[in-house]
Amino acid sequence: MSATVLSVVTMIALVILALALLLSVVRVIIGPSLPDRVLALDLLTVSAMGFVGTIAIRTGRALYLDIAIALALLGFLATVGFARYILSRQRPLSGSGGEGHP
(Lines of atoms letter the chains of each structure in order from A; the text may use other names.)
(Lines give C-alpha, C1' and ligand atoms only; values in the text may rest on other atoms or scores of the structure.)
Protein backbone atom coordinates (compact mmCIF):
# COMPACT_ATOMS: atom_id res chain seq x y z
CA MET A 3 0.00 0.00 0.00
CA SER A 4 2.76 2.44 0.94
CA ALA A 5 4.66 1.77 -2.29
CA THR A 6 1.52 2.40 -4.30
CA VAL A 7 0.91 5.74 -2.61
CA LEU A 8 4.53 6.77 -3.16
CA SER A 9 4.30 5.75 -6.80
CA VAL A 10 1.13 7.78 -7.36
CA VAL A 11 2.44 10.84 -5.54
CA THR A 12 5.75 10.83 -7.41
CA MET A 13 3.92 10.43 -10.72
CA ILE A 14 1.72 13.44 -9.92
CA ALA A 15 4.81 15.42 -8.92
CA LEU A 16 6.55 14.48 -12.17
CA VAL A 17 3.57 15.65 -14.21
CA ILE A 18 3.43 18.98 -12.36
CA LEU A 19 7.19 19.47 -12.72
CA ALA A 20 7.01 18.60 -16.43
CA LEU A 21 4.33 21.26 -16.83
CA ALA A 22 6.53 23.76 -14.98
CA LEU A 23 9.44 22.87 -17.26
CA LEU A 24 7.29 23.37 -20.35
CA LEU A 25 5.92 26.72 -19.17
CA SER A 26 9.36 28.01 -18.25
CA VAL A 27 10.70 27.05 -21.69
CA VAL A 28 7.82 29.00 -23.24
CA ARG A 29 8.72 31.98 -21.04
CA VAL A 30 12.36 31.77 -22.11
CA ILE A 31 11.31 31.84 -25.75
CA ILE A 32 8.70 34.62 -25.59
CA GLY A 33 9.98 36.60 -22.61
CA PRO A 34 9.63 40.29 -23.39
CA SER A 35 12.90 41.30 -21.75
CA LEU A 36 16.24 39.82 -20.81
CA PRO A 37 15.56 39.79 -17.04
CA ASP A 38 12.34 37.84 -17.69
CA ARG A 39 14.31 35.28 -19.67
CA VAL A 40 16.97 35.00 -16.96
CA LEU A 41 14.28 34.43 -14.33
CA ALA A 42 12.67 31.79 -16.54
CA LEU A 43 16.04 30.05 -16.94
CA ASP A 44 16.42 30.04 -13.16
CA LEU A 45 12.94 28.53 -12.83
CA LEU A 46 13.88 25.98 -15.48
CA THR A 47 16.93 24.94 -13.45
CA VAL A 48 14.97 24.66 -10.21
CA SER A 49 12.23 22.65 -11.93
CA ALA A 50 14.82 20.32 -13.44
CA MET A 51 16.35 19.85 -9.98
CA GLY A 52 12.93 18.94 -8.61
CA PHE A 53 12.35 16.57 -11.51
CA VAL A 54 15.68 14.81 -10.93
CA GLY A 55 15.05 14.68 -7.18
CA THR A 56 11.63 13.15 -7.72
CA ILE A 57 13.14 10.55 -10.03
CA ALA A 58 15.70 9.79 -7.29
CA ILE A 59 12.87 9.17 -4.84
CA ARG A 60 10.94 7.08 -7.36
CA THR A 61 13.89 4.86 -8.32
CA GLY A 62 15.65 4.81 -4.95
CA ARG A 63 19.03 5.66 -6.49
CA ALA A 64 21.09 8.31 -4.74
CA LEU A 65 23.13 8.99 -7.89
CA TYR A 66 20.39 11.27 -9.14
CA LEU A 67 20.89 13.52 -6.11
CA ASP A 68 24.46 14.19 -7.28
CA ILE A 69 23.04 15.28 -10.61
CA ALA A 70 20.61 17.61 -8.83
CA ILE A 71 23.46 19.15 -6.83
CA ALA A 72 25.45 19.72 -10.03
CA LEU A 73 22.38 21.34 -11.60
CA ALA A 74 22.03 23.62 -8.57
CA LEU A 75 25.63 24.77 -8.88
CA LEU A 76 25.31 25.30 -12.62
CA GLY A 77 22.05 27.21 -12.19
CA PHE A 78 23.52 29.45 -9.51
CA LEU A 79 26.59 30.27 -11.59
CA ALA A 80 24.47 30.94 -14.68
CA THR A 81 22.16 33.26 -12.74
CA VAL A 82 25.11 35.21 -11.31
CA GLY A 83 26.68 35.45 -14.76
CA PHE A 84 23.47 36.70 -16.38
CA ALA A 85 22.92 39.20 -13.56
CA ARG A 86 26.41 40.61 -14.04
CA TYR A 87 25.78 40.82 -17.78
CA ILE A 88 22.49 42.67 -17.26
CA LEU A 89 24.13 45.10 -14.83
CA SER A 90 27.00 45.78 -17.23
CA ARG A 91 24.52 46.54 -20.02
CA GLN A 92 22.60 49.03 -17.88
CA ARG A 93 25.61 50.81 -16.39
CA PRO A 94 26.81 53.85 -18.38
CA LEU A 95 30.20 53.36 -19.98
CA SER A 96 31.47 56.85 -19.21
CA GLY A 97 34.40 56.84 -16.81
CA SER A 98 33.33 59.91 -14.81
CA GLY A 99 32.65 57.88 -11.65
CA GLY A 100 30.90 60.70 -9.79
CA GLU A 101 29.09 58.39 -7.35
CA GLY A 102 32.23 56.80 -5.95
CA HIS A 103 31.44 53.35 -7.37
CA PRO A 104 34.17 51.40 -9.18
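Residues 3 to 104 (our numbering) make up the sequence shown, in order.
Glycine included, every Cβ here is placed at the ideal spot set by N, Cα and C.
Just so we're clear, the structure is a prediction, and the values are computed from it rather than from any experiment.
Here's the rule I'm using: 16 or more other beta-carbon atoms within 10 Å means buried, otherwise exposed. How should residue 51 be labelled? buried
Straight-line gap, residue 12 to residue 90 (C-alpha atoms, nearest Å): 42 Å
Check your understanding: Since residue 5 is in the alpha helix (DSSP H), which residue starts that stretch and which ends it?
Key -> 4–32
Take residue 76 and list the residues in its own chain whose beta-carbon comes closer than 8 Å to its own, dropping the five residues that flank it on each side. 47
Could you check what DSSP says for residue 64 in three-state terms: helix, strand or coil? coil
### Query
Assuming residue 30 contacts residue 39 under a Cβ cut-off of 8 Å, what Cβ separation, rounded to an integer in Å, is found between them?
5 Å
Discussion item. Tell me the DSSP secondary structure of residue 94 in three-state form.
Written reply: coil
Looking only at C-alpha atoms, which of 82, 26, 43, 53 sits nearest to residue 71? 53
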